[in-house]
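Numbering (the working numbering), first residue to last: 11 to 364.
Even glycine gets a Cβ: it sits at the ideal position worked out from N, Cα and C.
Step one of this worksheet: look at the structure below.
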Ligand SMILES: Nc1ncnc2c1ncn2[C@@H]1O[C@H](COP(=O)(O)OP(=O)(O)OP(=O)(O)O)[C@@H](O)[C@H]1O
Ligand SMILES: [Mg+2]
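Shown next as C-alpha cells:
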C-alpha cells in the first residue's frame, strides 16, 4: 500500500464540490443563499445552457471588501461563524465556507463586488486552483458571482449532467423555493436573455423605505402577511391561491403558516409541495407523513395536495447541518412536530375560513 499523503487543496475542493454542488441548481442555491445573507433586496439570475455554460447571480447586498475577495474563494473561509458556539445559533444560510471554494475548483469563477463606501468595484477570477490579481471593475453596490463551464476540468462529473432543459428545470425549482421563502426580496431569472421569472416585491407605502424593511430579513407570517400570499400566487398559480386556505397557527414555540390546497384543487404529482423549516426548504419524512395524514380523509389517495408551508421553531430544536446541501433536517422532538403539523392542517382543512 502506498504511504499516507495529504491531498492537495484543489483535489480536496473538487471532492467537496461533488457533494456540495452536484449540478448547476445546487451551485445556484449556494449563490442565492450568499446573496440573501448579504442583505440583498434584489437578486438577478442569468443562465446559459441550463446553468452549465453560465450561472450569474447579481445582488445589491453588502458586498465584499477587495482585500477579502481572495479569501471568499478559499476553503473554510467564512464571515459567518467564528466559533463553535456561533454554530449553534447561526441564523444565516451558509457557514461552512466551502461553497465558493468548491465552485472555483470545478468551474471558472469571477467575483465582482463593491461595498457602498468604495468608489468602485473590484474583481477576482479563479479557475483550476489558481487566482488572478484583484483588479478594479465596474459594478453598483453589491456582488456578482459568475460561474462558467461547471465541471470543465472534471469530465467524469460533467457526464452526469442531464440535458440543458433538465438542468434548467432544476435551476428553476431551486429558484422558486428560495423566492417563496423570501417574498420581500425581488427576484428575476433569465435563460439566454429570455425572462422566465420576474418577481417584484409589493409596492410599499411612501413612508416605508425599502431597505429598512427588507434588512430585517427574517421571514415570518407577521412580516409577510401581504407579500407572502402574493408571492405564492405568482409562483404556484392563481388557481391554487383561489382554492387554498391560509394557515397560521402558533403553539408552544412553534409556528406554522402559509397556504394549503383544499380538496377541490389537487395534483397528480407532488410537484407543488413546499415546506420550509426556519426559512429553509426541506424534505422530511415526518412532516410528509403528518401532511398526508391531514389530507387522508378528504383527498383521493392517488391525488396530492399543493402547499407552501413554513414551520418556524427555536433553532436549537432542529439540526440543519445533517446534509451537505442542507435539504434535510433532524428534529429534536419529532413526535411533537408531527402532532403540530397534523392537527393544524386537519383543523384548518375541516373548517376553512375562506
Ligand atoms: N453575494 C455575496 N455578497 C457578500 N458576500 C459574499 C457573497 N457571496 C459570498 N460572500 C462572502 O464569501 C464568503 C464565502 O462564501 P461561501 O458561500 O463559500 O461560504 P459561506 O457562505 O460562508 O458558507 P457555505 O459554504 O455554507 O455557503 C462568505 O462567508 C461571505 O463573506
Ligand atoms: Mg455560502
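Burial state of residue 123 is buried, judged by a 10 Å Cβ sphere holding 16 or more other Cβ atoms.
Under DSSP, no beta-bridge partner is assigned to residue 356. Between ligand 1 and residue 70, a heavy atom-to-CB distance of less than 7 angstroms is absent. When DSSP reads this structure, residue 284 sits in a beta bridge with 318. Distance from the Cα of residue 140 is smallest, within the candidate group 83, 17, 52, 237, for 83.
Contact holds between the region 248–259 and the region 270–278, because three or more Cβ pairs, one in each stretch, are under 8 angstroms apart. Sixteen is the threshold: since fewer than 16 other Cβ atoms of the shown chains lie within 10 Å of the Cβ of residue 126, the residue is exposed. Put simply, of 302, 267, 188 the residue whose alpha carbon is nearest the alpha carbon of residue 291 is 188. DSSP lists 57, 204 as the bridge partner or partners of residue 201. Three or more beta-carbon pairs drawn from the region 339–359 and the region 298–306 are found closer than 8 angstroms, and the two stretches are therefore classed as touching. Closer than 7 angstroms to some heavy atom of ligand 1: that does not describe the Cβ of residue 35.
The continuous alpha helix (DSSP H) containing residue 245 extends over residues 237–246.
At a threshold of 7 angstroms, residue 90 counts as near ligand 1, since its beta carbon sits closer than that to one of the ligand's heavy atoms.
The beta-carbon distance between residue 153 and residue 61, rounded to whole angstroms, is 18 angstroms. This is too long to meet the 8 angstroms contact definition.
With contacts defined as CB atoms closer than 8 angstroms, residue 33 and residue 177 qualify as a contacting pair. For residue 105, the CB falls within less than 7 angstroms of some heavy atom of ligand 1.
For residue 321 against residue 257, the beta-carbon gap comes to about 10 angstroms, at or over 8 angstroms, which does not count as contact. In the DSSP assignment, residue 146 falls outside any alpha helix (DSSP H) and lies within the beta strand (DSSP E) extending over 145–147. Residue 183 sits in a helix when the DSSP states are folded into three classes.
For residue 292, there is no enclosing alpha helix (DSSP H), as DSSP marks it with neither H nor E.
A straight line joining the alpha-carbon of residue 16 with that of residue 23 spans about 13 angstroms. Apart from the 5 residues on each side of it in sequence, residue 305 sits with its Cβ closer than 8 angstroms to the Cβ of 273, 315, 355, 359 in its chain, given in chain order. In the three-state scheme derived from DSSP, where H, G and I count as helix and E and B as strand, residue 262 is classed as coil. The region 158–176 and the region 103–120 touch, with no fewer than 3 CB-CB distances between them shorter than 8 angstroms. Residue side-chain check: residue 321 keeps its Cβ at 7 angstroms or more from all non-hydrogen atoms of ligand 1. With contacts defined by Cβ atoms closer than 8 angstroms, residue 30 and residue 198 do not form a contacting pair. In this structure, the alpha-carbon of residue 68 lies about 17 angstroms from that of residue 194.
In the structure shown, residue 176 falls within a helical segment according to DSSP collapsed to helix, strand and coil.
Judged by DSSP secondary structure, residue 25 falls outside any beta strand (DSSP E) and instead within the alpha helix (DSSP H) spanning 19–30. One thing to note: residue 253 has its Cβ no nearer than 8 angstroms to the Cβ of residue 317.
Non-local C-beta neighbours of residue 27 in its own chain, meaning closer than 6 angstroms and more than five positions away in sequence, comprise 112, 115, 116, ordered along the chain. The beta carbons of residue 121 and residue 79 sit closer together than 8 angstroms. By the neighbour-count definition (other C-beta atoms within 10 Å, threshold 16), residue 173 is an exposed residue. Between residue 212 and residue 186, the C-beta gap is not smaller than 8 angstroms, which leaves the two residues out of contact.
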